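Shown next, in structure tokens, is the structure this report addresses.
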Amino acid sequence: MSNLIEASGILAIATRLQRLSDQLRKEGQLIYKAHGIDFEPKWFPVVYTLHQKPVLSVVEIAAEIGYSHPSTISLLKELEKQKLVRSKKDKTDERKRLILLTDKGKDLVIQMQPVWKKMSAALASLTNTPHNLMKAIEEVEANIKVQSFFEREQQQ
């Protein structure tokens, strides 16, 4: 039996994606906890990005993860408080802060890598449906780059 949000169809897509995201994050946190890892899933995009690209500016991290500058700053403050990332001044531009994982952050990534493999397999099995969610998300993101939701609505 569906609720009103589900019955509203495409109009509630943002609500339903948020609900799905919240559930995956909540269960992701349970997975980390079950493996003895103290880690918030919301930190993942920054930590993973810095694992792949060890030194980035705040602006570069925001661009890589697709978050706004203020949201990225907020995440970085949390990660600094946890001593998972640190910043240093850019030698070529004193105004620019470069962000990198601390030794604690690097050790945490090593601990999480086997868990990420298991999580990837579990997520692949969840999304491996006739209407593959990841493909659909990529298609919608590509469509938005061509013309935004707002622009499309304005044409109606």
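For the numbering used here, count along the sequence shown from 1 and bump the result up by 956.
Don't be surprised by glycine CBs; every beta carbon is placed ideally from N, CA and C.
Here the structure is a predicted model, which is why all the values come from computation and not from measurement.
Alpha helix (DSSP H) runs wholly inside the region 986-1049, at least 4 long, in chain order: 1000-1008, 1014-1021, 1025-1037
Distance, GLN1112 Cα to GLN1008 Cα: 42 angstroms
Ranges of the alpha helix (DSSP H) found wholly within the region 1072-1102, counting only runs of at least 4: 1089-1102
The ligand ZN heavy atom lying under 7 angstroms from the CB of GLN974: As presented, the structure is devoid of all ligands, the ligand ZN included, so that no description of it is given.
Beta-carbon gap between LEU1012 and LEU1040 smaller than 8 angstroms: no
Endpoints, beta strand (DSSP E) assigned at ARG1053: 1053-1057
Contact under 8 angstroms by Cβ, LYS998 with LEU967: no
CB contact flag (GLU996, GLN985, <8 angstroms): yes
Candidates PHE1106, ILE1100, VAL1071, HIS1087: closest to TYR988 by CA position: VAL1071
Where MET1068 falls, given that 16 or more other Cβ within 10 Å makes a residue buried: buried
Cβ neighbours of LEU1035 in the same chain (closer than 8 angstroms, five flanking residues each side left out): TRP999, VAL1002, VAL1003, VAL1041, GLY1061
Spatially closest choice to ILE1055 from THR1005, LYS1074, ARG1108, by CA coordinates: THR1005
SER1043 versus HIS1025: straight-line alpha-carbon distance, rounded: 16 angstroms
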